[in-house]
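Per the numbering used here, the very first residue in the sequence shown carries number 1; after that it's consecutive.
Just so it is clear, CB atoms sit at the ideal spot from N, CA and C, and this is done for glycine as well.
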Amino acid sequence: MGLFNFNLPADYLDAAREMADSGRPTLARLLAEEAADRTTDPAEATRIRAEFPGNSLRQED
Numbered sequence: 001m002g003l004f005n006f007n008l009p010a011d012y013l014d015a016a017r018e019m020a021d022s023g024r025p026t027l028a029r030l031l032a033e034e035a036a037d038r039t040t041d042p043a044e045a046t047r048i049r050a051e052f053p054g055n056s057l058r059q060e061d
């Protein structure tokens, strides 16, 4: 795994895909949620969440 530079939604999405490919689905989902939250296009956010199905895993304060 390479080092990631998290500046853009695509950076989070790339990391999510790498985590999914390496058998880390929980981390993949969390990264995908962050990517979706950081995108400005609601349709793209929906597409990202659909690519990594499941319930939200975040624990909010």
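Excluding the 5 residues flanking it on each side, residue 56 has same chain C-beta neighbours closer than 7 Å at 33, in chain order.
By the beta-carbon neighbour count (other beta carbons within 10 angstroms, threshold 16), residue 47 is exposed. Boundaries cannot be given for residue 41, as no alpha helix (DSSP H) includes it and DSSP labels it neither H nor E. For the segment 4-36, the full-length alpha helix (DSSP H) segments reaching 4 residues or more read 9-21 along the chain.
Residue 28 sits close to residue 16, with the two beta carbons spaced by under 8 Å.
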